[in-house]
Structure formats: C-alpha cells, structure tokens
Amino acid sequence: MGSAFLLTQLGTHAAQAFARRIGELDLTPPQTGLLRAIAGAPGSSQQALAELLGTPATRLVALVDGLEQRGLVERRRNPNDRRLHAVHLTDAGTALMADIGRVARAHDDAVLAALDPDERTRLRELLGKVAADQGLTPGVHPGYKTLR
C-alpha cells in the first residue's frame with residue numbers, strides 16, 4: 035500500500051469524523067474554517083478572506099451570511115473604504131471558538147491515539163513538509179476551492 039493511499043484513507047476518515055464532531059456545535063467544516071480565519075485576521079474584508087481560503091467570493095459571502103444570521107460574526111463598514119465590509123467575530127463567535135478548539139483537540143487526540151507525543155510532533159513536521167512541497171496553504175483546507 036502506498037503512502038499517498040494511506041494519507042487519503044486517513045484524511046477521508048479524519049474529515050468525516052471531524053464533520054460529525056463539529057456538527058455537535060451545529061457547524062460545518064467550512065463554517066469552522068471561516069470562523070478560524072476571521073479569528074486569525076479580525077477585520078479582514080470578505081474579498082481578503084475569500085483569497086485566503088481560495089474560495090469564490092460569492093461562496094464566501096453565503097458562508098458569512100449564515101454565520102451573521104446566527105449572531106457569530108458581524109460585518110462593519112471599513113472606515114477607509116466604505117465599499118468594503120470588515121468581518122469580525124461577535125462575542126458569541128469568540129465564545130464558540132473556545133468550543134471549536136476543544137473539539138479540534140479532542141479530534142486530534144482521537145485520530146492520533148496510537149502515537150506518543152514525540153511521534154505526533156514528528157508526524158506533524160513530516161506532513162507539513164509534504165503539504166508545503168505540494169503548494170498547500172498552511173491551515174487552509176483545499177476543499178474551499180471547490181465549495182459551491
């Protein structure tokens with residue numbers, strides 16, 4: 035069995051398990067990734083977030099709309115360019131980020147339960163090296179490119 039197959043097998047399993055876990059917070063993985071991006075770059079424009087995530091701006095706007103309707107994010111006019119909206123987490127969105135962090139850590143622990151801490155560190159290093167070689171953006175799921 036090849037390494038690429040094992041990566042695909044484990045990646046698919048991990049993605050499905052994460053979707054189930056994050057679903058307990060009434061979130062989808064794309065919503066979770068967008069919340070993480072907003073938390074990491076508060077006040078970014080929708081266009082900047084779309085570029086960061088590599089997703090069409092129209093799809094990103096729909097994701098922001100859904101999170102805004104739930105009171106997790108808010109759009110504010112950019113004081114320097116009123117045509118742009120700066121996207122920020124609300125207090126509820128910030129609180130939810132702590133829950134997301136707990137779910138993500140539990141997920142990581144479950145997926146990597148067979149490895150000791152040193153092995154986990156080494157695996158992260160190796161996977162990061164392979165991801166960089168493949169031109170992947172750190173922290174951004176490549177699935178955003180195909181969101182509809």
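Count along the sequence shown from 1, add 34, and you get the number used in my numbering. Positions of the beta carbon are idealized from the N, C-alpha and C atoms, including for glycine.
Rounded Cβ spacing between L149 and L157 (contact assumed at less than 8 Å):
6 Å
Measuring only the C-alpha atoms, how far is P90 from G74?
20 Å
Tell me the residue span of the alpha helix (DSSP H) that contains E159.
151-167
Between H175 and D60, what straight-line distance do the alpha-carbon atoms span, to the nearest angstrom?
19 Å
Give the DSSP-derived three-state secondary structure of E85 in the structure shown.
helix
Report the three-state DSSP secondary structure of E58 (helix, strand or coil).
Residue state, collapsed to three classes: coil.
Rounded distance between the beta-carbons of L94 and L83, thought under 8 Å:
6 Å
Would I56 and T66 qualify as a contact pair, given that the criterion is a beta-carbon distance under 7 Å?
yes
Could you spell out where the alpha helix (DSSP H) holding L94 opens and where it closes?
91-103
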